[in-house]
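In my numbering, the protein residues as written are 538 to 678. C-beta: ideal position from N, C-alpha, C; glycine also. Since the structure is predicted, the reported quantities are computational estimates derived from the model, not experimental observations. Have a look at the structure below, then the notes.
What follows is the structure, given as structure tokens:
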């Protein structure tokens with residue numbers, strides 16, 4: 538398995554999240570009234586989620602779990618292999634949908650929803666990272 542490539546993506550994810558944590562405003566009011574901050578947060582959130590999707594794709598390919606029919610299927614394959622939990626798979630599916638809204642603007646971005654994600658769910662990135670690192674650790678024989 539190309540662990541180095543996966544670890545590089547984890548480092549990239551960590552870098553984006555560190556930057557994101559540094560720009561999250563303390564209040565919803567400030568967030569709502571500062572267009573530049575909103576756009577920075579949206580972009581960092583988008584590329585962080587894309588890093589997660591890339592890591593999942595690399596794992597699915599490297600572990601030869603079969604070609605997923607879509608990204609949700611990819612998360613399910615990793616859940617079935619017990620690399621991530623059911624709860625994490627569901628969170629990743631939600632993140633992916635959120636990323637699609639940010640990228641494709643399927644509907645207007647709900648700034649309050651983005652802010653609430655930043656304040657309440659940002660730890661999901663660290664949780665995902667930790668699950669992948671635990672999986673990559675060599676097993677004691």
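How far does the alpha helix (DSSP H) with residue i in it reach, from first residue to last?
{"i": "residue 634", "result": "623-641"}
{"i": "residue 663", "result": "660-673"}
{"i": "residue 520", "result": "Past the boundaries of the shown model lies residue 520; the chain is included only from 538 to 678, so the question cannot be answered."}
{"i": "residue 647", "result": "It is not in any alpha helix (DSSP H) - residue 647 carries neither H nor E in the DSSP assignment."}
{"i": "residue 595", "result": "572-599"}
{"i": "residue 615", "result": "608-617"}
Near residue i, which residues of its chain fall below 8 Å by C-beta distance, leaving aside the five closest residues on each side in sequence?
{"i": "residue 542", "result": "595"}
{"i": "residue 539", "result": "595 and 599"}
{"i": "residue 570", "result": "none"}
Measure how close the beta-carbons of residue i and residue j come, nearest whole angstrom, since I'm counting them as under 8 Å.
{"i": "residue 578", "j": "residue 561", "result": "7 Å"}
{"i": "residue 615", "j": "residue 585", "result": "That pair is no contact at about 18 Å."}
{"i": "residue 568", "j": "residue 575", "result": "6 Å"}
{"i": "residue 546", "j": "residue 592", "result": "5 Å"}
{"i": "residue 630", "j": "residue 612", "result": "6 Å"}
{"i": "residue 625", "j": "residue 664", "result": "7 Å"}
{"i": "residue 580", "j": "residue 659", "result": "In fact, because the Cβ distance is near 15 Å, the residues do not count as touching under 8 Å."}
{"i": "residue 565", "j": "residue 645", "result": "Contact doesn't hold; Cβ gap of about 17 Å is too wide."}
Residues in its own chain within less than 7 Å of residue i by CB, not counting five upstream and five downstream?
{"i": "residue 640", "result": "583"}
{"i": "residue 672", "result": "620"}
Excluding five sequence neighbours on each side, which residues of the same chain lie with their C-beta closer than 6 Å to the C-beta of residue i?
{"i": "residue 621", "result": "615 and 668"}
{"i": "residue 609", "result": "630"}
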